[in-house]
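In this note's numbering, the protein residues as written are 2 to 139.
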């Protein structure tokens, strides 16, 4: 079943955001700094670097799943969990705004969580509709 254009646009846009958030930090080595200088310091030592890599790789996997429109549930739920954790661990202290009324706030992560949740809800409801149509036809 073909998705409406707005859902496809949302999927691809979120995939691009996840890729552009992950790949540059892997290429530059910043992922290791995030693990060592932040995650280890806030209590994840000695697993900070491994956790940072797991986060970045999970974003890349979720992006690929979004592009392919396959196997979305688990990678999207993991991404939502990472984003919500980031809200509480990193961004909440800076308030709501990313820019303008503040800096590094939660609004961007909240928007990503809502967008990914919308994709999952649409996919779940469309699968349910297909199942209902099949059972009615039988």
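C-beta: ideal position from N, C-alpha, C; glycine also.
| query | result |
| --- | --- |
| Buried or exposed, going by whether 16 or more other CB atoms sit within 10 Å of the CB of residue 86? | exposed |
| Only counting the same chain, and skipping five residues up and downstream in sequence, which positions put a Cβ closer than 8 Å to that of residue 78? | 121 |
| Considering only their Cβ atoms, is the gap separating residue 19 from residue 63 smaller than 7 Å? | yes |
| Enumerate in chain order the residues of its own chain whose CB-to-CB distance from residue 108 is below 8 Å, with the five nearest sequence positions on each side excluded. | 97, 98 and 99 |
| Pick out the complete beta strand (DSSP E) segments inside the segment 28–77, 3 residues or longer, and give them in chain order. | none |
| With DSSP collapsed to three states, give me the class of residue 132. | helix |
| Exposed or buried, residue 131, counting other C-beta atoms within 10 Å across all chains shown (16 or more means buried)? | exposed |
| Restricting to Cα atoms, I'd like to know which of 33, 37, 60 and 54 is closest to residue 21. | 60 |
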